[in-house]
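S.K.: After the structure tokens below, expect a handful of questions from me.
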Amino acid sequence: MADSERTPTPLDGGVFVARSEIMDDDGVRRALWRMSHEILEQNKGLSGIVLVGLETGGVHLARKLAINLLEIEGEDIPVGTLDVAFYRDDIGLRPVTPGNPTDLPFDLTSRVVVLVDDVLFTGRTIRAAMDAIVDFGRPAAVQLAVMIDRGHRELPIRPDYVGKNLPTRRDELVDVQEGGVWLGHIESGES
Amino acid sequence: MSKIVLKGGVIVDKTGERHADIGIGDDGRITEIGEGLSAQKTIDVTGQIVSSGFVDLNAHFSQPGNEKAETFETGTRSAVKGGFTAVLAMPDTGNINDDADTARSILRLGETALCHVEIAGAITMGNQGEQIAPLSEMAALGVRHFADPLIAGESDLIIRRAMEYSQRLGVTLHFGCSGGGLSPEGQMNEGTTSSRLGISGIPKENEEIEVFRLCSLAKMTGARVHIQQIANPQSVKLIAEAQAEGAKVTCEVSPHHFALTEVLVESFEARYKVLPPLMTQENVNEMQKLLHEGKVDAIATGHRPCENHLKEQPFQEAPFGTIGFETALGASITYLNSPLSAILNLLSWRPAEIAGLEDTHGGEIVAGRPGNLTVFDPQKTWVVNGTEMLSKSSSSVFEGIQMKGLVSHTLVDGELVVIDGEIQNNESKR
Amino acid sequence: MKGKHVRGVSDLGKDGIQEILSLSDHFLEVSSRRIPKVPALRGRTIAWLFYENSTRTRLSFETAAKRLSADSMNFSVSSSSINKGESLRDTVETITAMGVDAIVVRHSSTGVPWLLPKWTDASIINAGDGAHEHPTQSLLDCYTIKKQLGDIEGKKIVIAGDIKHSRVARSNILAFKAMGAEIVLVAPRTLLPVDTSLWPVEISQDLDGSIADADVLYMLRMQLERQKEAFVPSLREYTNDYGLTLERAKKLPKHTIIMHPGPMNRGVEIASEVPELDNAVVTNQVSNGVIVRMAVLYFLLGSGAELSEDGNSNE
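Right, dumping it as structure tokens:
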């Protein structure tokens, strides 16, 4: 999920303050392992599958899934990254600085694109991602894998593969790291 | 019995300063100076200075030819508000004043003015520098001053001839030193700022060369020459040398050249586009010193109005010029660290002599002299706002600047044309 | 450093330059796609206000705008939509009344981009004002150097030619210096600005000596009129002493890149064969121009730069 979708980002540079640990590193690892199997099961193998990690939170997850799938099926699948900054519906309403540039060095036509992101929240990021994907070709299908689904959807978007469902309040923040997942809030930088 | 009494002020003239009341009579002349005077109309001028009216040797009115920019009426309204009781009107009004007919019509138009207007004719036809204008014909109508504002294009020969020819007429030739020469497209002073901004500049040496030329020719011919709007201190030194060698040369400096610098051009506002251009701080400091030392004869405004929308244009497209009547006193008091007598010498006494008006303007304040007087508060601070000024044009280089020194009352020929900064009536004055 | 306008390199500072260069990498990727277009500035309107004819710069901006899905309005002297006699103020107020988010302006008089905000709320982008600044050219030049040499910091850049009349030179000096390069200006004295004593550059009249260890050789266009205006005795003499002849180009170090802002006067400041040499990157500059202009438009209209400090929003 794009950084600024997690929570209102204070321009003065706030700090994430964790309140509770939702998953530890083992939990993340196991969830990814399970999701990899689900992807294989749903698609009856790896044929035509490409993984696309969303900048910035989904990129490392996509790479992990690809490593898992290689281990399980012995097959290397293409992994790309996608920055959706230029497709957002809130351009001009808030500061939007892109992450790393998109890297999709392969054609998506007739492929099954699995979008990978860390947190699914309102669904607007995924909507923007689908608009972007369509500019790169005509996929056979688009599926969605997320580590955390925290609810509060504002668009009709649903995930195919979920690490964990986590009910949250709107003003809370979910932070997904390699070492685990935390629930907390942003403390403003002003003292 | 006086018609008007100015009560409680400090009179400053060549003889010194004194606390006294001044009475002005029906004949427009000073009736008496003393204590405890009274009259039909008494104005309390306690704490203020009473001086002879200021005389501007260099003012542009745009009538006839470009009345949208300024008329004698609107221009002199601004002039009297600034304390000027006499102005010398330059010939480049739109229709250049270079023949007797034009001179005649301008003399008539001058009668709509609120103060005395002395007319200057052109030295050469159309101010083009090729053919001498009918100086004698115009002189016969009473024109005693002739001016060519941009002499850089004129040959040494023409200037010499004009100077030789004018001598028997007893007139004064005024020359401006800007333009052409070393920098045909110059828009501002050539130097650090112009280099950074990429704007074509006019080197200060341009003026030095023209001044040297004029001084040499004035010495050679013995003509009476007045050099307009000096901006380069080096020019002042050249003129002082020539004067020491007997040349009948005088000179003037405009207030912005001893007050403001070229840094203002970095705002790209066309109000700072003037000729001669704004110079460096070093230059300005040197000018202040020379004025303080009495090396300059007069302060002249160079008042040059234009239609306001023209000054909203990009810098390079806008015309040159700034208004100047209402800021002359304030700028002089604010920027010159000089006693009032020195400032009044520059604004009134010496320019009155150069203009040939010493019988009616400048001079001592004694009974019998015409009532051309200015009353001002030398301590009053105010902020320059071009749109409030009485000229049709609002473009002042001093915009937004805080000044010290403001005229309150002005009398022309014994009539109060300005009271408390307000113009009193629209009747013309002679 | 965020702001509302890109009128000069001075509006950006080092931070602004770096942000635009970083954004440019994104638009490099977008421009390489099958469909080189993103909806980022959909619904935004940009006006081209070109008082000086410049098809190539305008087209570069137009392409940039199209790739960002923005709309545009053309008020250029070539399209006669600038009425003769209509004041700059009236034209700008008319454009503003029609609804624009940004105005890209080119004018022969210095300072015009700084006057426009008096009459409009739109963001102003300077496409060249007099001989003063041309910031988007500097940005694309910085980007080109970065892509070719990896970094601008510490590089020796020689700028040769008519510096006096060049807005490209003035902007580039500011930008290259901000990015940490060393700059040498090479020109005959008549083509140097009168007072460069405070400029952060070295001045030289020896082209051969200066380019012996240069990383970048930036050639400026030599106008044919300068000979008539007595700045140089003849163009031939100029080319001999200050032009990038084929001989000189061959003597350059292997890694040196040759740049030119265009349009080139082949045979005058640059020999005919030189732009086709391997180390000449003139065409790269042109393609980077579109990319960098996309970054500038996005920086001003999309990245939230124009928002005030409390531009938060909930998603």
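Chains as they are written, first to last, in this note's numbering: chain A, 7 to 197; chain B, 87 to 516; chain C, 175 to 489.
Don't be surprised by glycine CBs; every beta carbon is placed ideally from N, CA and C.
In this text the structure is predicted, and so the values were computed from the model without any measurement.
#1: Any idea if A/Arg25 is buried or exposed, counting beta-carbon neighbours within 10 angstroms, 16 or more meaning buried?
#2: Determine, using beta-carbon pairs with one atom in the region 329-343 of chain B and one in the region 302-318 of chain B, whether at least three such pairs fall under 8 angstroms.
#3: For A/Ala8, which residues of its own chain have a beta-carbon under 6 angstroms away from its beta-carbon, when the five flanking residues on both sides are left out?
#4: Listing by chain order, which chain A residues have their CB less than 8 angstroms from the CB of C/His200?
#5: Output the boundary residues of the beta strand (DSSP E) element that contains B/Leu502.
#6: Tell me, which residues are paired with A/Trp188 by DSSP?
#7: Under 9 angstroms Cβ-Cβ, which residues of chain A neighbour C/Ser246?
#8: In terms of residues, what are the limits of the beta strand (DSSP E) holding A/Tyr167?
#9: For B/Thr278, which residues in chain C fall below 8 angstroms Cβ to Cβ?
#10: Does the contact criterion of 3 or more C-beta pairs under 8 angstroms hold for the region 467-474 of chain B versus the region 157-169 of chain B?
#11: Given a threshold of 16 other Cβ atoms within 10 Å of its Cβ, counted over all protein chains shown, does C/Asp484 qualify as buried or as exposed?
#12: Does the separation of the CB atoms of C/Ile385 and C/Val332 fall below 8 angstroms?
#13: Name, please, each residue of chain A whose Cβ falls closer than 9 angstroms to the Cβ of C/Ile277.
#14: Considering C/Asp303, what are the terminal residues of the beta strand (DSSP E) in which it resides?
#15: For B/His395, count neighbouring C-beta atoms within 10 Å of its own C-beta (all shown protein chains included) and say buried if the count is 16 or more, exposed if not.
#16: Applying the criterion that 16 or more other CB atoms from any shown protein chain within 10 Å of the CB defines a buried residue, is A/Glu11 buried or exposed?
#17: Determine, using beta carbons only, whether C/Arg341 comes closer than 8 angstroms to chain B.
#18: Could you tell me the distance, in whole angstroms, from the CA atom of B/Lys478 to the CA atom of C/Val406?
#19: Counting only the same chain and skipping the five closest in sequence on each side, list residues whose C-beta sits under 8 angstroms from that of B/Thr307.
#20: Quickly, what does DSSP pair A/Gln149 with across the bridge? List them, please.
#21: Opposite C/Lys330 in the DSSP bridges: which residues?
#22: When the Cα atoms are used, what is the spatial distance from C/Met393 to C/Leu314?
#23: If you draw a straight line from the alpha carbon of C/Ile134 to that of C/Leu426, how long is it in whole angstroms?
#24: At a cut of 8 angstroms, does the region 437-446 of chain B reach the region 395-415 of chain B through at least three beta carbon pairs?
#25: Excluding the 5 residues flanking C/Ser184 on each side, which residues of the same chain have their C-beta closer than 7 angstroms to its C-beta?
#26: Three-state secondary structure (DSSP) at A/Gly98?
#27: With the cut-off set at 8 angstroms, would you say A/Gly59 and A/Thr87 are in Cβ contact?
#28: Using a Cβ-Cβ cut-off of less than 9 angstroms, give me the residues of the region 261-294 of chain B that come near chain C, in sequence order.
#29: Going by other Cβ atoms of all chains shown within 10 Å of its Cβ, with 16 needed for buried, is B/Leu243 buried or exposed?
#30: List, in chain order, every chain A residue whose beta-carbon is nearer than 7 angstroms to that of C/Ala214.
#31: Please classify A/Met3 as buried or exposed, where buried requires at least 16 other C-beta atoms within 10 Å of its C-beta.
#32: List, in order along the chain, the chain C residues whose C-beta lies closer than 8 angstroms to that of B/Phe401?
#33: Can you name the residues of chain B whose CB is closer than 8 angstroms to the CB of C/Trp288?
#34: Does C/Arg263 have its Cβ less than 8 angstroms from a Cβ in chain B?
#35: When the Cα of B/Glu223 is compared with those of B/Ile505, B/Val257, B/Gly215 and B/Gly196, which residue comes out closest?
#36: Check whether the Cβ atoms of C/Thr284 and C/Gly304 sit closer than 8 angstroms, and answer yes or no.
M.R.: In short, the structure shows the following:
#1: Looking up residue 25 of chain A in the first sequence gives position 19. Counting Cβ neighbours within 10 Å, A/Arg25 comes out exposed, since fewer than 16 surround it.
#2: yes
#3: Sequence index remark: in the first sequence, residue 8 of chain A carries index 2 (1-based). Only weak support is given to the placement of A/Ala8: the predicted model assigns it a pLDDT of 49, under 50, and the question is left unresolved by the model.
#4: In the third sequence, residue 200 of chain C corresponds to position 26, counting from 1. Residues of chain A passing the Cβ test: Asp89, Ala91, Phe92, Pro104, Pro107 and Thr108.
#5: If you number the second sequence from 1, residue 502 of chain B lands on position 416. Note, B/Leu502: beta strand (DSSP E), Glu501 to Ile505.
#6: Counting from 1 along the first sequence, the entry for residue 188 of chain A is found at position 182. A/Trp188 pairs with A/Glu27 and A/Asp181.
#7: Start at 1 with the first residue of the third sequence, and residue 246 of chain C comes out as number 72. In chain order: nothing, as chain A lies at least about 17 angstroms away.
#8: Counting from 1 along the first sequence, the entry for residue 167 of chain A is found at position 161. Element bounds for A/Tyr167: Tyr167 to Asn171.
#9: Walking along the second sequence from the start, residue 278 of chain B turns up at place 192. By Cβ distance, chain C contributes Asp369, Ser371 and Leu372.
#10: no
#11: Start at 1 with the first residue of the third sequence, and residue 484 of chain C comes out as number 310. Residue placement at C/Asp484 cannot be trusted, given a pLDDT of 36 that sits under 50; the coordinates are not used to answer.
#12: Residue numbering aside, residue 385 of chain C sits at position 211 when the third sequence is read from its first letter. Residue numbering aside, residue 332 of chain C sits at position 158 when the third sequence is read from its first letter. Yes. Within cutoff.
#13: Start at 1 with the first residue of the third sequence, and residue 277 of chain C comes out as number 103. Chain A residues near C/Ile277: none, gap ~17 angstroms exceeds 9 angstroms.
#14: As a first step, residue 303 of chain C is located in the third sequence; it is residue number 129 there, counting from the start. Start and end: Ser297 to Asp303.
#15: Within the second sequence, numbered from 1, the residue matching residue 395 of chain B stands at position 309. That one is exposed.
#16: By one-based count along the first sequence, residue 11 of chain A stands at place 5. With a pLDDT of 47 at A/Glu11, under the threshold of 50, the modelled position of this residue cannot be trusted, and the question is left open.
#17: As a first step, residue 341 of chain C is located in the third sequence; it is residue number 167 there, counting from the start. It does: the Cβ of C/Arg341 has a partner Cβ on chain B nearer than 8 angstroms.
#18: In the second sequence, counting from the first residue as 1, residue 478 of chain B sits at position 392. In the third sequence, counting from the first residue as 1, residue 406 of chain C sits at position 232. Going by the C-alpha atoms only, they are around 46 angstroms apart.
#19: By 1-based counting over the second sequence, the position of residue 307 of chain B is 221. Hits under 8 angstroms: Arg246, Met249, Glu250 and Gln253.
#20: Position 143 of the first sequence, counted from the start, is the residue given in the question as residue 149 of chain A. Its beta-bridge partners are A/Val120.
#21: In the third sequence, the residue the question calls residue 330 of chain C occupies position 156. According to DSSP, C/Lys330 bridges with C/Glu356.
#22: By 1-based counting over the third sequence, the position of residue 393 of chain C is 219. By 1-based counting over the third sequence, the position of residue 314 of chain C is 140. Roughly 15 angstroms between the two C-alpha positions.
#23: Residue 134 of chain C lies beyond the range of chain C shown here (175 to 489); nothing can be said about it.
#24: no
#25: The count along the third sequence starts at 1 and reaches residue 184 of chain C at position 10. Cβ within range, chain order: Leu348.
#26: Here residue 98 of chain A is taken as the residue at index 92 of the first sequence, counted from 1. Note: A/Gly98 maps to coil in three-state DSSP.
#27: Sequence index remark: in the first sequence, residue 59 of chain A carries index 53 (1-based). Sequence index remark: in the first sequence, residue 87 of chain A carries index 81 (1-based). In contact: A/Gly59 and A/Thr87 (Cβ atoms closer than 8 angstroms).
#28: Gln273, Glu276, Gly277, Thr278, Thr279, Ser280, Ser281, Arg282, Leu283, Gly284, Ile285, Ser286, Gly287 and Pro289
#29: As a working mapping, residue 243 of chain B is identified with position 157 in the second sequence. Looking at its Cβ environment, which holds fewer than 16 other Cβ atoms inside 10 Å, B/Leu243 is exposed.
#30: Here residue 214 of chain C corresponds to residue number 40 of the third sequence, with the count starting at 1. Within 7 angstroms Cβ-Cβ: Phe92 and Ile97.
#31: The displayed coordinates of chain A run from 7 to 197. Any statement about residue 3 of chain A would go beyond what the structure contains.
#32: Position 315 of the second sequence, counted from the start, is the residue given in the question as residue 401 of chain B. What B/Phe401 touches in chain C: Ser283, Thr284 and Gly285.
#33: On the third sequence, residue 288 of chain C is found 114 positions in, with the first residue counted as 1. Within 8 angstroms Cβ-Cβ: Ser353 and Phe354.
#34: Stepping through the third sequence from its first residue, residue 263 of chain C is reached at position 89. Closer than 8 angstroms to some Cβ of chain B, the Cβ of C/Arg263 qualifies, so yes.
#35: For the purposes of this step, residue 223 of chain B is taken as residue 137 along the second sequence, with counting starting at 1. Considering only alpha carbons, the answer is B/Val257.
#36: Residue mapping note: residue 284 of chain C aligns to position 110 of the third sequence, counting from 1. Residue mapping note: residue 304 of chain C aligns to position 130 of the third sequence, counting from 1. In contact: C/Thr284 and C/Gly304 (Cβ atoms closer than 8 angstroms).
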